[in-house]
DNA sequence: CCTCGCTTTGCAAGCGCTTGCAAATTGCTG
DNA sequence: CAGCAATTTGCAAGCGCTTGCAAAGCGAGG
């Protein structure tokens, strides 16, 4: 038999630990898995493991029917800070229970979701976290069919009843808009996110709701469809600013879009917030770093990641736990990009 | 024996494939591993695999002494687009050889590099890619000791002779500076990166070299120590702009820093590039998206990732392949953030 | 002091795969 | 067409672990 690689000779197995501790290998296994073992033996095993520097072999573990102690995280991309924040939360939580993270980016296997899921689930991970998947239904079907532990992040409003973690997007849209109204703005531009996503639609709904609650008209010209990306927001902002009666504030559906707005505004020599107020959504780290710092609706991304990891973990350990949908609160973070409109149109 | 999870019943193994194809299971294994098998049997096995939808069980594979077909990627963080670009390149290359990616972020296990490496190497991956590791020596020692396939990305100038992939940082610094000089700039500010990193030092060296080749004085006041992050660059830029005789151009050691400079410049009501030229380094995607678009020294990050993956792959398959250090060329990307200085000081 | 039920322990089997070894098959050569 | 080397093939073992099962240990009730 070939050694897997010319790895260092002292690869410690449970047999070594068992010998050192003077117990049987199954006892060692039971210690590792927290099964019933008498206190003194457990003690001895633990000491032996520490002395020998034992490291569990995950593949053997999961082959033998145990857990692999790895969960999969499915995202589109990583460069978007949004994903990274979530990943960070997940990672934190996993570190606490010494799980590892296997990262899958979807872009490379478009349209083959179920084959993909088959591969993933069969191979390695104990559970799967899907962040804002493009084709959730296809995944879910494959996953559900295999009864495989999974949790969706930021993907509410599905027909299915599916374990998920999200944020109060509509409330966030409402709060942001209301804040601008309170400041005295009457014409508030809105740049949507990718409207195929529920979170984008919810934010827009919140905007409408706030307007209507304040008795303000909803001018369709003030709404421009974006896609959560900076260049699109840049042109949306230009469109809005070109209006005969331009808005005095612009609410962008995410921070990245807000940055695009800031660019467009400055490009015309307008000042922020003196000439126009800008509001974002998400509160990615850059929001606090730009000048002026961006007032935004904070979405607790890392916290969502943590919650999702915890939830997934329950499903891993109790496959029949009830399906839960966690919704975390958004929060308005007031910084410096908004102020009352210059020529106040206060009624 | 417990099934690993309540997974779908039809989990196809090589035995099933063997039965279907009418051959022995070892023949199936040999087909999978491209060992010598007669053409007709290979054919039959392949067809059977396709029909049954066979998916290899990676843990069994690697337990049995084969490859796991997973490589590890070690990065600090993901939010930084720099890392993501590299990861994308790696991922592309791996997709081509149907390898998977296991992601490790270092922040959570500070100072325990060798224990960490022990765990990683022993557990899962066939090889490890280290991107700009903070404590390369510690990792390398552990890795080398285990003779474990690994490649460093963007970490030249090490005492060791180590497999690595990098870019021509000094040349890039030289080219960028020379470009500004050609444009007519004489006082060129420079914001360094984190000088504990070789790439940052190299870029600075290129700046110095270009200045000296052009017979220009090196004014230390024009050099400000940054850390590759936006806020620090913002204050550096302010410092530079406060000089009695401020620079007419600022060369930032990465694009993110250049964005910080742009902010600082605009914050004072100066225009880019009319009042001051700005040059970046890296060419992350945002560089093309900001306004004005950023002239920058392109570092082929994705290509570096690909090259690193390929190199690692050779080491995985030929543990004794010669240690290779690949250096990819940088390239000046001219966009709109630079132009000749306003009050030209052409000699 | 024996017996019963509970917990702790050890043994063996097996997870799905790779690969050394030996047997079977093939293709040549003389 | 026998005889030999070079393939191709199958069998069995084993990678490191978990866990069912049965044996052993233990305290308490009779």
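Residue numbers (our numbering), protein chains in the order written: chain A, 2 to 348; chain B, 2 to 348. Yeah, the Cβ is synthetic: ideal placement off N, Cα and C, and Gly gets one too. As the structure is a prediction and not an experimental result, all values here were calculated from the model.
Inset, instruction - Check the DSSP bridge columns for residue 132/B and list the partner residues they point to. - result: Within the second chain, residue 132/B is the residue found at index 131, counting from 1. 154/B.
Legend entry - Same chain only: Cβ atoms within 8 angstroms of residue 37/B, ignoring 5 sequence neighbours per side: The residue given as residue 37/B occupies position 36 in the second chain. Excluding residues within five positions, the ones whose Cβ falls inside 8 angstroms are 31.
Inset, instruction - Please check the pair residue 312/A and residue 164/A, which I expect to be a contact at CB under 8 angstroms, by giving their CB distance rounded to whole angstroms. - result: For the purposes of this step, residue 312/A is taken as residue 311 along the first chain, with counting starting at 1. For the purposes of this step, residue 164/A is taken as residue 163 along the first chain, with counting starting at 1. With a Cβ gap of about 6 angstroms, residue 312/A and residue 164/A count as contacting.
Inset, instruction - Alpha carbon to alpha carbon, how far is residue 259/B from residue 251/B? Give it in angstroms, no decimals. - result: Here residue 251/B is taken as the residue at index 250 of the second chain, counted from 1. Here residue 259/B is taken as the residue at index 258 of the second chain, counted from 1. The straight-line gap from Cα to Cα measures roughly 8 angstroms.
Inset, instruction - Determine, using beta carbons only, whether residue 267/B comes closer than 8 angstroms to chain A. - result: The sequence position of residue 267/B within the second chain is 266, counting from 1. Answer yes: the Cβ-Cβ gap between residue 267/B and chain A drops below 8 angstroms somewhere.
Inset, instruction - Could you confirm whether any beta carbon from chain A is found closer than 8 angstroms to the beta carbon of residue 103/B? - result: Position 102 of the second chain, counted from the first residue, corresponds to residue 103/B. Chain A, which has a Cβ nearer than 8 angstroms to the Cβ of residue 103/B, makes this yes.
Legend entry - Extent of the continuous beta strand (DSSP E) run through residue 105/B: Within the second chain, the letter at position 104 stands for residue 105/B. It spans 101-106 - the beta strand (DSSP E) in which residue 105/B sits, taken as one unbroken run.
Inset, instruction - For residue 219/A, count neighbouring Cβ atoms within 10 angstroms of its own Cβ and tell me buried if that reaches 16, exposed if not. - result: For the purposes of this step, residue 219/A is taken as the residue at position 218 of the first chain. It counts as exposed.
Inset, instruction - Could you tell me the boundaries of the alpha helix (DSSP H) in which residue 40/A lies? - result: Numbered from 1 along the first chain, position 39 holds the residue referred to as residue 40/A. That run of the alpha helix (DSSP H) goes 40-53.
Legend entry - Chain-ordered neighbours of residue 21/A on chain B, where CB pairs are closer than 8 angstroms: Taking the first chain and counting its residues from 1, the one referred to as residue 21/A is at position 20. Simply none; closest approach about 18 angstroms.
Inset, instruction - Could you tell me whether any Cβ in chain A is nearer than 8 angstroms to the Cβ of residue 278/B? - result: In the second chain, counting from the first residue as 1, residue 278/B sits at position 277. Not an interface residue.
Legend entry - Residues of its chain near residue 308/B, where Cβ-Cβ distance is below 6 angstroms and the 5 sequence neighbours each way are ignored: In the second chain, the residue the question calls residue 308/B occupies position 307. Excluding residues within five positions, the ones whose Cβ falls inside 6 angstroms are 166 and 327.
Legend entry - Assigned secondary structure, residue 216/B (DSSP; H/G/I helix, E/B strand, else coil): On the second chain, position 215 is the one that residue 216/B refers to. Coil, per DSSP.
Inset, instruction - Anything in the region 289-310 of chain B with a Cβ closer than 7 angstroms to a Cβ of chain A? List those residues in chain order, please. - result: 290, 291 and 292
Legend entry - Complete runs of the alpha helix (DSSP H) confined to the region 161-213 of chain B [at least 4 residues]: 170-184
Inset, instruction - Go ahead and label residue 34/A buried or exposed: buried means 16 or more other beta carbons lie within 10 angstroms of its beta carbon, across all protein chains shown. - result: Mapped onto the first chain, residue 34/A falls at position 33. It is exposed - the Cβ of residue 34/A has fewer than 16 other Cβ atoms within 10 Å.
Inset, instruction - For the beta strand (DSSP E) holding residue 281/A, just list the boundary residues, first then last. - result: Taking the first residue of the first chain as 1, we reach residue 281/A at position 280. It spans 278-283 - the beta strand (DSSP E) in which residue 281/A sits, taken as one unbroken run.
Legend entry - Per DSSP, cross-strand counterpart(s) of residue 335/B: In the second chain, counting from the first residue as 1, residue 335/B sits at position 334. None, per the DSSP bridge assignment.
Inset, instruction - Quick one: which residues of the region 53-76 of chain A get their C-beta closer than 9 angstroms to a C-beta of chain B? List them in chain order. - result: 54, 56, 57, 58, 59, 60, 61, 62, 63, 64, 65, 66, 67, 68, 69, 71 and 74
Legend entry - residue 1/A classed as buried or exposed, judged by whether at least 16 other C-beta atoms fall within 10 angstroms: The structure shown has nothing for residue 1/A, since chain A only spans 2 to 348.
Legend entry - chain A contacts from the region 240-267 of chain B (Cβ-Cβ distance under 7 angstroms): 264 and 267
Legend entry - Burial state of residue 101/A, where buried means 16 or more other Cβ atoms lie within 10 Å: Locating residue 101/A in the first chain gives position 100, where the first residue counts as 1. By the 10 Å Cβ count, residue 101/A comes out buried.
Inset, instruction - Starting from residue 120/A, find everything on chain B with Cβ-Cβ shorter than 7 angstroms and list it in chain order. - result: For this step, residue 120/A is matched to residue 119 along the first chain. Simply 56.
Legend entry - First and last residue of the uninterrupted alpha helix (DSSP H) at residue 29/A: By one-based count along the first chain, residue 29/A stands at place 28. It spans 26-33 - the alpha helix (DSSP H) in which residue 29/A sits, taken as one unbroken run.
Inset, instruction - For residue 188/A, count neighbouring Cβ atoms within 10 angstroms of its own Cβ and tell me buried if that reaches 16, exposed if not. - result: Taking the first residue of the first chain as 1, we reach residue 188/A at position 187. Its Cβ being crowded by 16 or more others within 10 Å, residue 188/A is buried.
Legend entry - Residue-chain proximity (residue 271/A, chain B), Cβ-Cβ < 8 angstroms: Sequence index remark: in the first chain, residue 271/A carries index 270 (1-based). Chain B contact via Cβ: absent.
Inset, instruction - On the DSSP bridge assignment, give the partners of residue 73/A in chain order. - result: Along the first chain, read from residue 1 onward, the residue named residue 73/A stands at position 72. DSSP, once it has assigned bridges, lists 103/A and 129/A as partnering residue 73/A.
Legend entry - residue 276/A: CB within 7 angstroms of a non-hydrogen atom of the ligand FAD: Absent from the structure shown: the ligand FAD. Ligands present: none.
Inset, instruction - For residue 16/B, count neighbouring Cβ atoms within 10 angstroms of its own Cβ and tell me buried if that reaches 16, exposed if not. - result: If you number the second chain from 1, residue 16/B lands on position 15. So residue 16/B ends up on the exposed side.
Legend entry - Beta carbon of residue 298/A nearer than 8 angstroms to that of residue 199/A: As a first step, residue 298/A is located in the first chain; it is residue number 297 there, counting from the start. As a first step, residue 199/A is located in the first chain; it is residue number 198 there, counting from the start. Cβ distance not < 8 angstroms, so residue 298/A and residue 199/A don't count as in contact.
Inset, instruction - Decide if the region 203-214 of chain B is in contact with the region 230-247 of chain B; the criterion is three or more beta carbon pairs, one per stretch, under 8 angstroms apart. - result: no
Inset, instruction - Taking 8 angstroms as the threshold, find out whether the region 48-68 of chain B comes into contact with the region 268-282 of chain B through three or more Cβ pairs. - result: no
Legend entry - Beta bridge counterpart(s) of residue 225/A as assigned by DSSP: Working through the first chain from its first residue, we reach residue 225/A at position 224. 192/A, per the DSSP bridge assignment.
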